[in-house]
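Chemist: Protein chains in written order, with the numbering used here: chain A, 1 to 71; chain B, 1001 to 1383. Quick one: the structure is below, and I'll ask about it shortly.
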Amino acid sequence: MNLTYNQAYSKLSKLVDEIEDDQIQLDTLADKVKQAKELIDYCETRLRSISEDVTTSLTDKKPTTKKKNNK
Amino acid sequence: MAKKLKLSELVNEIDETLQDRFAGETFWITAEITDVKKQPDKRWCFLKFIEKEGKIITTEIKGVFWSNAFANIEKFEKLSGQTFASGLEITCNVRVRFHKRFGIDLEVLEIDHSYALGKLEQERQLTLDRLVKENPSFIRLVDGQYFTRNQSLELPLVLQRIALVTAPDSDGQRDFKQEIGKNQYGYAFSVTEFLTQIQGDNSSQLIIQKLKQIEASKENFDVVAIVRGGGSQTDFKPFDDYELSKYVASFPIPIFTGIGHDRNTSIVDLMARQHKTPTKVASSIVEHNFNFESEIIELKDRLLDSAESIMEKAKDKLLQIKRTVKAYSPATILNKGYAIITSNDQIVTDPKNIKTDSEIKTLLKNELIHSTVTKKSKNELDL
Chain A
1 MNLTYNQAYS
11 KLSKLVDEIE
21 DDQIQLDTLA
31 DKVKQAKELI
41 DYCETRLRSI
51 SEDVTTSLTD
61 KKPTTKKKNN
71 K
Chain B
1001 MAKKLKLSEL
1011 VNEIDETLQD
1021 RFAGETFWIT
1031 AEITDVKKQP
1041 DKRWCFLKFI
1051 EKEGKIITTE
1061 IKGVFWSNAF
1071 ANIEKFEKLS
1081 GQTFASGLEI
1091 TCNVRVRFHK
1101 RFGIDLEVLE
1111 IDHSYALGKL
1121 EQERQLTLDR
1131 LVKENPSFIR
1141 LVDGQYFTRN
1151 QSLELPLVLQ
1161 RIALVTAPDS
1171 DGQRDFKQEI
1181 GKNQYGYAFS
1191 VTEFLTQIQG
1201 DNSSQLIIQK
1211 LKQIEASKEN
1221 FDVVAIVRGG
1231 GSQTDFKPFD
1241 DYELSKYVAS
1251 FPIPIFTGIG
1261 HDRNTSIVDL
1271 MARQHKTPTK
1281 VASSIVEHNF
1291 NFESEIIELK
1301 DRLLDSAESI
1311 MEKAKDKLLQ
1321 IKRTVKAYSP
1331 ATILNKGYAI
1341 ITSNDQIVTD
1351 PKNIKTDSEI
1361 KTLLKNELIH
1371 STVTKKSKNE
1381 LDL
């Protein structure tokens, strides 16, 4: 998953709204709950471990060459 | 030819003349100071008083604070949040002194603090007025409150990538990083340091340079923290600088300031988001992220609640169906004392199908009764 916090948050709140709607179909519920839980995990994890892309672009003066060497 | 004098005789006469005129008298003067040389260990301070016409110095005289008056300087710095340094205009009480070798000077006995503060406040106000007047597109004054473009930038939901502007090996740097590092929620941060001298002449220019570097890679940062430790170093001047204040006001990344002066608010503080101390800047960043996480947790609770209630409702419905099915099941019926009759292993629903002399089985709760039909008659029981 590669979302901004904004994207994750708006997706998540949309899903929760849908789940709270009385009209929701049982067979889509499980899928929506799963998606929502993934988004929650994503935010919680990212809050506690900054994504690698960010740190490399900050610490490395030439991120492009270094990335190539790594892979 | 006039009578020749020894140097000492002439100087003695000057000394006596000055004594006659100035001995025992003190004067209040207002003047700009320059060439300030403090010697805190000895509690002396040497300086010059000057007066200018335009840019030309027309009057200049040496001045000195001895240890009995040195506390005036410390008090001035504490009250004003500024270093006692060249360029200031002060009002002070002085005595004229003459020394046969070192010449004439003014010994300062006392500073008029209210004048000095008033003067500084006046200069500060001029800078603020100019900021508003010359930059209407990003600095506005409404009901005594300054509003800037920088302050109106929306904060990202999470502040994680921090550009830290501070002095190397400073208290501010240490306090900020400590508070960020030890945050109780375990949030991760990336702090990129932009270290520069942050006090004294020219430091406002140095800070601007650092901010320019940050702006050049602005997509890498969520927030800029400008912090400085408090303590005895209380030079506020760089943060009242016009150019720096203007740049901060228009800066494209939100700026948090922790310039560490509890009494005063600098102009840069007014142009950004002020949090007073480096520690408070760090804790407000942590809090900001905590607020976001709280919202996520609230969504999570709502999600689990409604998913649970949906499942609960579905279960209830199922249970209802089960009950209905059970209520109509043969076992339930037999338990109530009813019987099921079969003939030729077929459940008899129409008694016409039972012939006299035929074999039938009556199924009761616990037993199966085999019988032969001896007689059939109309059911006259009133049920």
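Here a beta-carbon is modelled for each residue, glycine too, at the ideal position from N, C-alpha and C.
Which residue spans inside the segment 1247-1317 of chain B form an unbroken beta strand (DSSP E) run of at least 3?
Modeler: 1255-1258
Chemist: Can you tell me whether DSSP reads Asp1105 of chain B as helix, strand or coil?
Modeler: strand
Chemist: Shorter than 8 angstroms from the beta carbon of Gly1186 of chain B to some beta carbon of chain A?
Modeler: Chain A contact via Cβ: present.
Chemist: Just the Cα atoms here: how many angstroms apart are Ile1285 of chain B and Asn1291 of chain B?
Modeler: 10 angstroms
Chemist: Quick check for students: name the residue ranges of the beta strand (DSSP E) that lie wholly in the segment 1037-1092 of chain B, counting only runs of 3 or more.
Modeler: With a minimum length of 3 residues, the continuous beta strand (DSSP E) runs that stay inside the segment 1037-1092 of chain B are 1044-1053 and 1056-1065.
Chemist: What residues in its chain sit with their C-beta under 8 angstroms from that of Ala36 of chain A, if we drop five residues either side in the sequence?
Modeler: Leu12, Leu15, Val16 and Ile19
Chemist: Kindly indicate which residue of B:Trp1028, B:Pro1351 and B:Asp1169 has the alpha-carbon position closest to the one of Val1386 of chain B.
Modeler: Because residue 1386 of chain B is not part of the residues shown, which for chain B are 1001 to 1383, the question remains open.
Chemist: For the segment 1150-1163 of chain B, enumerate the residues whose C-beta is nearer than 9 angstroms to any C-beta of chain A, in chain order.
Modeler: Pro1156, Leu1157, Val1158, Gln1160 and Arg1161
Chemist: Which residues mark the beginning and the end of the beta strand (DSSP E) in which Val1142 of chain B is found?
Modeler: Ile1139 to Val1142
Chemist: Roughly how many whole angstroms lie between the Cα atoms of Lys1182 of chain B and Ala1031 of chain B?
Modeler: Distance between the alpha carbons of Lys1182 of chain B and Ala1031 of chain B: 50 angstroms.
Chemist: With a cut-off of 8 angstroms, does the C-beta of Ser1250 of chain B fall near any C-beta of chain A?
Modeler: Judged by the 8 angstroms Cβ criterion, Ser1250 of chain B is not in contact with chain A.
Chemist: Sort out for me which residues DSSP pairs Glu1032 of chain B with in a bridge.
Modeler: B:Ile1050 and B:Glu1089
Chemist: Less than 8 angstroms between the CB atoms is what I'm expecting for Thr1257 of chain B and Asp1269 of chain B, so what's the real figure, rounded?
Modeler: Yes, they are in contact, since the Cβ atoms of Thr1257 of chain B and Asp1269 of chain B sit about 5 angstroms apart, within 8 angstroms.
Chemist: Relative to the C-alpha of Gly1229 of chain B, which residue among B:Ser1250, B:Thr1166, B:Tyr1187 and B:Phe1239 is closest?
Modeler: Per the C-alpha coordinates, the member of B:Ser1250, B:Thr1166, B:Tyr1187 and B:Phe1239 positioned closest to Gly1229 of chain B is B:Thr1166.
Chemist: Mark Met1271 of chain B as exposed unless 16 or more other C-beta atoms lie within 10 angstroms of its C-beta, in which case mark it buried.
Modeler: Label assigned to Met1271 of chain B: buried.
Chemist: What does a CB cutoff of less than 6 angstroms around Ile1341 of chain B pick up in its chain, not counting 5 residues either side in sequence?
Modeler: Annotation for Ile1341 of chain B: Val1348, Ile1360 and Thr1362 place their beta carbon closer than 6 angstroms to its own, counting only its chain and skipping 5 residues before and after.
Chemist: With 16 as the cutoff for other CB atoms within 10 Å, does His1370 of chain B come out buried or exposed?
Modeler: exposed
Chemist: In whole angstroms, give me the CA-to-CA distance for Val1325 of chain B and Ser1306 of chain B.
Modeler: 29 angstroms
Chemist: For the alpha helix (DSSP H) containing Gln35 of chain A, name the first residue and the last one.
Modeler: Leu26 to Arg48
Chemist: Between the C-alpha atoms of Val1373 of chain B and Ala1327 of chain B, what's the straight-line distance to the nearest angstrom?
Modeler: 31 angstroms
Chemist: Using a Cβ cut-off of 8 angstroms (strictly closer), state whether Leu3 of chain A contacts chain B.
Modeler: no
Chemist: At least one CB of chain A closer than 8 angstroms to the CB of Ile1300 of chain B: is that the case?
Modeler: Per the sequence shown, the amino acid found at residue 1300 of chain B is Lys instead of Ile. So, interface residue.
Chemist: Mind checking the segment 1263-1293 of chain B against chain A and listing, in chain order, the residues whose C-beta falls within less than 8 angstroms of any C-beta there?
Modeler: If the cut-off is 8 angstroms between Cβ atoms, the segment 1263-1293 of chain B has Asn1289, Phe1292 and Glu1293 near chain A.
Chemist: Give me the chain A residues within the contact set of Phe1189 of chain B, using Cβ-Cβ distance strictly less than 8 angstroms, ordered along the chain.
Modeler: Going along chain A in sequence order, the residues near Phe1189 of chain B (Cβ under 8 angstroms) are Ile50.
Chemist: Just tell me which of B:Gln1082, B:Lys1062 and B:Ile1180 has its CA closest to the CA of Phe1098 of chain B.
Modeler: Minimum Cα-Cα distance from Phe1098 of chain B among the listed residues B:Gln1082, B:Lys1062 and B:Ile1180 corresponds to B:Lys1062.
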